[in-house]
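The sequence shown runs contiguously to residue 314 in the numbering used here.
For glycine and all other residues, C-beta sits at the position ideal for the given N, C-alpha and C.
Treat the numbers as computed from the prediction; the structure is a model and nothing was measured.
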Amino acid sequence: MGEEPERREISDLDAITSLGHPRRRRILEHLYKHGPATSATLARELDLNTGATSYHLRELARHGFVAEEPPRGHSRQRWWRFVMADFRFPRRSEQDERTRDALDELNIRSFAADVQQFQQALTAASGEGGWDDAFPYSRGSIRVSLPQLAEFFEEYVALIMKYSDAGAEDARTVNTLFVAYPDPS
């Protein structure tokens, strides 16, 4: 099972904006799923310009989302890795208007990308190895107080951490999604 990562609050508007950049999101996702890579490898895999990829990696590193790996062999190439952390944002009530707007945009884009990925996974399902049954979907409502919702969320995060590196031989990365919001009606 995975080790619990460091909790980091991201309140800097520049860091939030950096996370919201579509290319940077793709770079982070690739490093998270596939491990360390060079800017040239990332550029090739993600169909990006090498120079721009290097710039995006430096920006992500400036905010602590990626870090440079020790050199490998005699190569002069820089290797980058995803920095494992429990990234958190300030409570909405503690955000100024610009931060709130940036986080709203980040969350909307992230949710849209997650839905698109889910659709791609459904389309790509091959019927092999039982993974076609790996699309559980559940939607529900709960009646909770604010402290109970905070507790519910922390229990969800703890569950994700518990299974983040299960280590089973036949294990695959499975994306999960947690969205909670007060019913607007």
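A Cβ-Cβ distance of about 15 Å is found for the pair S204 and S183, leaving them out of contact under the 8 Å criterion. Judged by their CB atoms, A214 and L142 are not nearer to each other than the 7 Å cut-off. Annotation for F264: no alpha helix (DSSP H) segment contains it, and DSSP assigns it neither H nor E. Scanning the stretch 186-250 for uninterrupted beta strand (DSSP E) segments of 3 residues or longer gives 195-197, 208-211 and 215-217, listed from N- to C-terminal end. Among the bridge pairs identified by DSSP, T167 is matched with W208. Boundaries for E298: no alpha helix (DSSP H) harbours it, and the DSSP string shows neither H nor E there. For a cut-off of 8 Å, the C-beta gap from V195 to F211 is around 6 Å, short enough to register as a contact. Taking all protein chains shown into account, T252 has fewer than 16 neighbouring C-beta atoms within 10 Å of its C-beta and is therefore exposed. Judged by beta-carbon spacing, W209 lies beyond the 7 Å limit of L175, meaning their Cβ atoms are not closer than that value.
Scanning its chain for C-beta atoms nearer than 8 Å, with the 5 sequence neighbours on each side dropped, one finds around R227 the residues L142, in chain order. With a 10 Å radius around the Cβ and a threshold of 16 neighbouring Cβ atoms, L306 comes out exposed. Separation of the CB atoms of I139 and F264 is rounded to 31 Å, and the pair is thereby denied contact status at 8 Å.
Y292 and N178 have their C-alpha atoms some 35 Å from each other. Ranked by Cα distance from Y285, the first of D294, A309 and L157 is A309. Counted as a single uninterrupted DSSP element, the beta strand (DSSP E) harbouring R136 occupies residues R136 to E138. With 16 or more neighbouring CB atoms inside 10 Å of its own CB, A172 falls in the buried class.
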